[in-house]
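Residue numbers (my numbering): 302 to 693. The C-beta atom is built at its ideal place from N, Cα and C for all residues, glycine as well. Note that this is a predicted model, so its numbers are computed, not measured. These notes concern the structure reproduced below.
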Ligand code: NAD
Ligand code: MG
């Protein structure tokens, strides 16, 4: 039986992982499940999967979690230290599905214990790609991509030699505002940005899809995971979200991965890898679909992709700064302190301000990444206050 743990079990990716595991009884032995504020769901999942331990990241919720799990045999724990300890418990497979920079440290710990890390938390690769992949290599551990585009590329590369790859094309739905005129974007609300046309995902990634920051993170993720040059990576708008990525080889062939927009495919592929088990996803009727369309992204609408290219060229800690500033800008957008288009302005200004800190040549350690993330959040906060004072 495969021993598995899920970090971020109560989120969108986490719940779908729980669903797949529950649907295949006897195949997995569940070690740790972690969550945030939703301890009711966490307790329910821990009972469903008969986990060894359930951990909430929130110290203050320990009492409630304990109460819910009293007499069930499932251990309850709370707080950041308990969460990190759970990452050191022996397992074969660990799902990294915490959202944001908080997902990096547990993933690194799991890899340092030689476990296979199924990586949904894209921020880990963006902020600390060389550290994450280096830790995996050092401990003969493996990272399997769960982001749908990267899972698609990974699958297109099975049996292929990476040196024969000319380019990698990842697709973008275009998000909630792909058909909005540019003039309307400045007044877009968080509720409007959080309505995705094709995918059902967590709130933050859905808003990142509308601003193309999600695709920006994924360009960086592609560079770090597959170790290709920035000029080999492209993003294309594909409104149907059926082709997830394409790999172009030096003989001119393009291998496309096609499937319904359903994360259970990428999660299930990583869960069972290298085996392919049957998964409960829709089978596409191509004649009914009829057409697939593609168009170049309009970078004048949102600068996120251009900023990602700059980050890839700079390397080093630029990704940590980019992500930290983006997370703070999103918090300010959610709190209605700044507008939708201001988010990119905040990120760009933070990168510009911090470029003198020699981001590109800095060493990437958990400490240096944490420090860069911290400073980026402070600088981004200043940029947000400046925008507010102009608008006031
Ligand atoms: P979500 O917001 O639905 O869930 C996040 C999970 O992380 C929850 O369990 C939450 O309790 C936990 N969490 C949040 N902050 C935490 C903290 N500080 N410490 C510990 N736990 C914390 O997010 P999601 O949409 O499931 O996305 C998870 C990750 O997967 C993100 O990095 C996202 O970019 C990536 N991803 C998601 C999808 C998708 O379809 N949802 C697709 C591709 C990649
Ligand atoms: Mg994706």
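Endpoints, beta strand (DSSP E) assigned at residue i
{"i": "residue 311", "result": "Run containing residue 311: none; DSSP gives neither H nor E here."}
{"i": "residue 333", "result": "329-336"}
{"i": "residue 445", "result": "444-446"}
Identity of the residues DSSP links to residue i by a beta bridge
{"i": "residue 397", "result": "308 and 420"}
{"i": "residue 357", "result": "336 and 379"}
{"i": "residue 537", "result": "472"}
{"i": "residue 303", "result": "329"}
{"i": "residue 544", "result": "559"}
{"i": "residue 466", "result": "550"}
Of the listed residues the options, nearest to residue i (C-alpha basis)
{"i": "residue 451", "options": "670, 325 and 522", "result": "522"}
{"i": "residue 546", "options": "553, 552 and 537", "result": "537"}
{"i": "residue 454", "options": "441, 472 and 486", "result": "472"}
{"i": "residue 587", "options": "544, 579 and 552", "result": "544"}
{"i": "residue 703", "options": "631, 657 and 692", "result": "Residue 703 is absent from the structure shown; the chain starts at 302 and stops at 693."}
{"i": "residue 313", "options": "608, 363, 503 and 578", "result": "503"}
{"i": "residue 559", "options": "551, 583, 552 and 550", "result": "583"}
{"i": "residue 528", "options": "329, 693, 434 and 422", "result": "434"}
{"i": "residue 620", "options": "361, 363, 424 and 382", "result": "424"}
{"i": "residue 594", "options": "492, 609 and 474", "result": "474"}
{"i": "residue 618", "options": "643, 479 and 659", "result": "659"}
{"i": "residue 605", "options": "516, 576, 663 and 525", "result": "516"}
{"i": "residue 640", "options": "400, 505, 622 and 486", "result": "486"}
{"i": "residue 432", "options": "525, 493 and 599", "result": "525"}
{"i": "residue 355", "options": "324, 328, 323 and 388", "result": "388"}
{"i": "residue 554", "options": "686, 326 and 467", "result": "467"}
{"i": "residue 321", "options": "572, 489, 418 and 484", "result": "572"}
{"i": "residue 440", "options": "411, 457, 448 and 461", "result": "411"}
{"i": "residue 671", "options": "323, 636 and 625", "result": "625"}
{"i": "residue 667", "options": "552, 492, 403 and 415", "result": "403"}
{"i": "residue 399", "options": "369, 358, 484 and 374", "result": "358"}
{"i": "residue 311", "options": "338, 329 and 303", "result": "338"}
{"i": "residue 396", "options": "599, 319, 539 and 489", "result": "319"}
{"i": "residue 308", "options": "663, 406, 633 and 436", "result": "406"}
{"i": "residue 507", "options": "662, 477 and 592", "result": "477"}
{"i": "residue 646", "options": "329, 479, 366 and 512", "result": "512"}
{"i": "residue 657", "options": "665, 644, 628 and 673", "result": "673"}
Residue i: CB within 6 Å of a non-hydrogen atom of the ligand NAD
{"i": "residue 399", "result": "yes"}
{"i": "residue 425", "result": "no"}
{"i": "residue 313", "result": "yes"}
{"i": "residue 605", "result": "no"}
{"i": "residue 564", "result": "yes"}
{"i": "residue 347", "result": "no"}
{"i": "residue 568", "result": "no"}
{"i": "residue 521", "result": "no"}
{"i": "residue 624", "result": "no"}
{"i": "residue 616", "result": "no"}
{"i": "residue 419", "result": "no"}
{"i": "residue 511", "result": "no"}
{"i": "residue 546", "result": "no"}
{"i": "residue 337", "result": "yes"}
{"i": "residue 354", "result": "no"}
{"i": "residue 506", "result": "yes"}
{"i": "residue 358", "result": "yes"}
{"i": "residue 309", "result": "yes"}
{"i": "residue 403", "result": "yes"}
{"i": "residue 422", "result": "yes"}
Distance cut-off 6 Å: residue i Cβ against heavy atoms of the ligand MG
{"i": "residue 501", "result": "no"}
{"i": "residue 449", "result": "yes"}
N-terminal and C-terminal residue of the alpha helix (DSSP H) that residue i is part of
{"i": "residue 527", "result": "514-527"}
{"i": "residue 508", "result": "504-511"}
{"i": "residue 455", "result": "449-457"}
{"i": "residue 403", "result": "Per DSSP, residue 403 belongs to no alpha helix (DSSP H) and is neither H nor E."}
{"i": "residue 366", "result": "363-370"}
{"i": "residue 483", "result": "483-486"}
{"i": "residue 492", "result": "491-494"}
Short CB-CB distance (under 7 Å) between residue i and chain D
{"i": "residue 400", "result": "The question asks about chain D, but that chain is absent: this structure has only one protein chain."}
heavy atom of the ligand GTP below 6 Å from residue i C-beta
{"i": "residue 510", "result": "Among the ligands present in this structure, namely the ligand NAD and the ligand MG, the ligand GTP is not found."}
Mind pulling the beta strand (DSSP E) runs of 3 or more residues that sit fully within the region 548-572? 555-559
4-residue-minimum alpha helix (DSSP H) runs that sit fully inside the region 565-611, ordered along the chain: 587-590
Where are the alpha helix (DSSP H) runs, 4 residues long or more, that stay fully inside the region 626-669, in chain order? 643-655
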